[in-house]
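Below is one structure; the comments refer to it alone.
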Amino acid sequence: MLKVPVVLPGREYNIIIEQHCLQHINDYVDPSREIVIITDDNIPKQYLNTIAPLLGDPFTLFVPQGESSKSMEMAQLLCEKMLKEGITRNALILALGGGMVGDLAGFVASIYMRGIDYIQIPTTLLSQIDSSVGGKVGVNASIMKNAIGAFKQPQLVLIDSTTLQTLDQRQVNSGIAEMIKYGLIASKSLFKALLEDDILPNIDNYIYECVSIKRDVVIKDERDTGVRQILNFGHTIGHAIEQASKYQLLHGEAVAIGMVIMAKNKSYYNDLIHLLAKYNLPTSYEYDKDEIYQYITTDKKATKTSLNIIVVDEVGNGYIEPIEISQIKEKL
Ligand code: GLY
């Protein structure tokens, strides 16, 4: 079992990485508590079937799989269902699933009766190393992803990497794109290991390293006003490409292309291309520059005139560079 403590002003919780921890979840989650499980209707039933009996068969809410469930309407519907069930403010929500479920269930936890406890149980690689950690929760607005939300740290994050065995390889690779990002912004040794080793037999160690990097950043800047932005390497252009592809590209795939664009003329460019190919990740995408620019200008991290981009000149060392928003055109 690997443990990453997250210590924030006035709050402290652990991220636990342990294979098969779901099979004894009652050692981590008090079954005598009032519990609500929020999950999606497409994650393998075995996970719910494993945890529910150990927790006294809690009230369980299913949402349809897919990003369209991450909406205000769905958050309201879940709250109404909990109210009808008589769920009190002492309840604990378990978010069982990928990033969509974690963001949505965490958001519900942040607003239900002005806020109740929640635990993240991420079941995809992307959510295990990124979205379940750091307390960003929320839903999408019709014209902007993640535009409505809150910072609400969970009570616990439980990562059982055996859930990756049921995950589609393309989804695993999408998560590996975020691992590559962690290497580029903060760890030369992680980047090298991703390049040279077979990571899957030791996946817990890699998850541990990524989560530790994210924890170190989040504790310095929980509210994302400074250094936390380095986690967005490749994301400004990546998000725009993801939107332009109408979400046909997975998040990690779009970020991979965003990282390649940001790595042009850098010494590690060829290694990055090689690494992305190793994990069947795309390195380019045919896009309309004006459309991408339009999406970038409406990114919620941009102001009307400026934008912070993340630059990596050498592997392991990401930094923030403020630029005029029009300068991003030169990168496209
Ligand atoms: N995914 C970036 C962050 O949590 O800040």
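Numbering (UniProt numbering), first residue to last: 1 to 332. By construction, the Cβ of each residue, glycine as well, lies at the ideal position given by its N, Cα and C atoms. Here the structure is a predicted model, which is why all the values come from computation and not from measurement.
Other residues of its chain near residue i: CB distance less than 7 Å, five sequence neighbours each side excluded
i, result
"MET82", "VAL36 and TYR112"
"ASP221", "VAL227 and ARG228"
"PHE107", "ALA75, VAL137, GLY138, VAL139, GLY149 and ALA150"
"PRO58", "ILE35, VAL36, ILE37 and ALA52"
"GLY102", "ALA95, GLN120, PRO122, SER127, SER131 and SER132"
"ARG223", "PHE151"
"ILE257", "GLY238, ILE241, PRO282, THR283, SER284 and TYR285"
"PHE62", "THR39, ASP40 and ASP41"
"GLY234", "LYS181, VAL255, GLY258, MET259 and MET262"
"TYR206", "MET179 and ILE199"
Cβ-based burial, residue i [other Cβ within 10 Å; buried from 16]
i, result
"GLU209", "buried"
"VAL7", "exposed"
"GLY56", "exposed"
"GLY86", "exposed"
"PRO201", "exposed"
"GLY10", "exposed"
"GLN248", "exposed"
"PRO322", "exposed"
"GLN165", "exposed"
"GLU67", "exposed"
"GLU18", "buried"
"THR225", "exposed"
"THR236", "buried"
"GLY115", "exposed"
"ILE143", "exposed"
"ALA254", "buried"
"SER161", "buried"
"ASP30", "exposed"
"ASP290", "exposed"
"ASP168", "exposed"
Any non-hydrogen atom of the ligand GLY within 8 Å of residue i CB
i, result
"SER131", "yes"
"residue 391", "Shown here, the chain extends from 1 to 332; a query on residue 391 therefore has no answer."
"ASN232", "yes"
"LYS214", "yes"
"GLY134", "yes"
"ARG228", "yes"
"ASP299", "no"
"VAL218", "yes"
"ASP224", "yes"
N-terminal and C-terminal residue of the beta strand (DSSP E) that residue i is part of
i, result
"PHE151", "144-151"
Element boundaries [alpha helix (DSSP H), containing residue i]
i, result
"TYR47", "45-54"
"TYR206", "203-220"
"LEU2", "First-last for LEU2: 2-8, but that is the beta strand (DSSP E), not the alpha helix (DSSP H)."
"GLN165", "No alpha helix (DSSP H) contains GLN165, which DSSP labels as neither H nor E."
"MET82", "72-85"
"residue 356", "Any question about residue 356 goes unanswered here, given that the chain covers just 1 to 332."
"TYR293", "289-297"
"ILE273", "269-278"
"GLY238", "235-244"
"LYS188", "188-196"
In DSSP terms, what residue i is bridged to
i, result
"ASN308", "PRO322"
"ILE35", "LEU92"
"THR60", "ILE37"
"LYS136", "PHE151"
"ASN14", "PRO5 and LEU156"
"GLY97", "PRO122"
"ALA141", "MET144"
"ASP117", "LEU92"
Residues near residue i in its chain [Cβ-Cβ closer than 8 Å; skip 5 each side]
i, result
"GLY252", "LEU126, ASN173, SER174, GLY175, ILE176, ALA177, GLU178 and LEU281"
"LYS214", "ILE129, ASP130, VAL133, GLY134, TYR182 and LEU231"
Neighbourhood of residue i by C-beta distance below 6 Å, restricted to the same chain and skipping five residues each side
i, result
"LEU272", "ALA263"
"ALA240", "ILE292, TYR295 and ILE296"
"THR60", "ILE37"
"VAL4", "ILE15, VAL211, SER212 and ARG215"
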